Amino acid sequence: MSSLATSGLSSARATGRPLSPSVRRAGDGDVAALTRLINRAYQVERFFVDGERIDAAEVAALRTRGHFLVLDGADRELAAAVYVRMDGDCGGIGLLSVAPECQGAGLGRRLVAVAEALCAAVGCRAVELSIVNLRQELGPWYRSQGYREVGTAPFDQPATQPCHFIRMQKQLTA
1 MSSLATSGLS SARATGRPLS PSVRRAGDGD VAALTRLINR AYQVERFFVD GERIDAAEVA
61 ALRTRGHFLV LDGADRELAA AVYVRMDGDC GGIGLLSVAP ECQGAGLGRR LVAVAEALCA
121 AVGCRAVELS IVNLRQELGP WYRSQGYREV GTAPFDQPAT QPCHFIRMQK QLTA
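Sequential numbering from 1 applies to the sequence shown in this note's numbering.
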């Protein structure tokens with residue numbers, strides 16, 4: 001994986017160039033497809049959040065602070081995406097989104113691994129993320145990927161029931 005991270009690092013800075021045979025950094029032309037994918041993947045949260053998870057302006061704003069890694073799907077739509085930021089010693093991932101019809105195929109696991117490799121390649125010693133406590137399936141999945149709980153944070157969006165973020169972190173180096 002380290003050769004992928006090293007060779008992919010320069011590609012990650014060149015919009016739309018492949019990071020691996022099928023993982024690439026999203027470009028300007030992907031904002032609408034990213035917005036659709038994230039909102040479809042996050043429909044499962046409708047039991048505690050009203051409305052859409054994200055809009056195109058928010059996706060564009062996130063791209064100024066980090067990158068979205070994507071896997072292309074059929075019909076010019078995206079199959080999966082993850083947001084990654086690489087800041088100093090601790091990188092971050094978020095908005096892991098897999099199209100409902102593609103879930104269970106390992107795409108999320110693959111994108112998380114590429115995001116972690118890119119963070120490690122630029123010197124990050126750890127990667128952090130936040131999950132909503134009401135999404136009980138997420139904690140075990142991220143723990144199976146080597147993440148551990150490190151704290152909590154307030155949920156920063158309107159919600160129909162009380163909830164909070166669970167902060168998780170994975171060490172990339174010993």
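Glycine included, each C-beta is placed from N, C-alpha and C at the ideal position.
Treat the numbers as computed from the prediction; the structure is a model and nothing was measured.
Is residue i helix, strand or coil by DSSP?
| i | result |
| --- | --- |
| Glu101 | helix |
| Leu37 | helix |
| Pro154 | strand |
| Gly51 | coil |
| Arg135 | coil |
| Ala159 | coil |
| Gly106 | coil |
| Val114 | helix |
| Val44 | helix |
Please go through the same chain and pick out, in chain order, the residues whose beta-carbon is closer than 7 Å to the beta-carbon of residue i, but skip the five residues on each side of it.
| i | result |
| --- | --- |
| Gly139 | Ile131, Ile166 |
| Gly16 | With a pLDDT of 47 at Gly16, under the threshold of 50, the predicted position of this residue should be treated as unreliable, and no value is reported. |
What does residue i pair with, by DSSP beta-bridge criteria?
| i | result |
| --- | --- |
| Met168 | Leu129, Glu149 |
| Gly91 | Val127 |
| Asp72 | Leu78 |
| Tyr83 | Phe68, Gly94 |
| Val23 | Leu71 |
Using CA coordinates, which residue listed in the options is at the minimum distance from residue i?
| i | options | result |
| --- | --- | --- |
| Ile93 | Glu77, Ala56, Asp75, Arg65 | Arg65 |
| Glu77 | Ala32, Arg24, Arg109, Val44 | Ala32 |
| Asp187 | Val44, Val49, Pro162, Ile38 | Outside the modelled stretch of the chain, which goes from 1 to 174, sits residue 187, for which no answer is possible. |
| Leu95 | Pro158, Asp89, Tyr42, Ala105 | Tyr42 |
| Val122 | Cys90, Cys163, Val44 | Cys90 |
| Gln157 | Ser22, Gly51, Val44 | Gly51 |
Given 6 Å as the limit, tell me if residue i has its C-beta closer than that to any heavy atom belonging to the ligand FMN.
| i | result |
| --- | --- |
| Leu62 | The ligand FMN is absent from the structure shown, which contains no ligand whatsoever. |
Just how far apart, CA to CA, sit residue i and residue j?
| i | j | result |
| --- | --- | --- |
| Glu101 | Arg63 | 26 Å |
| Ala57 | Asp28 | 12 Å |
| Val127 | Ala99 | 24 Å |
| Met86 | Tyr147 | 17 Å |
| Ser3 | Phe155 | With a pLDDT of 34 at Ser3, under the threshold of 50, the predicted position of this residue should be treated as unreliable, though the coordinate-derived value follows. Rounded to the nearest angstrom, the two C-alpha atoms are 37 Å apart. |
Can you find the residues in the same chain that come closer than 6 Å, C-beta to C-beta, to residue i, ignoring five residues on each side of it along the sequence?
| i | result |
| --- | --- |
| Phe47 | none |
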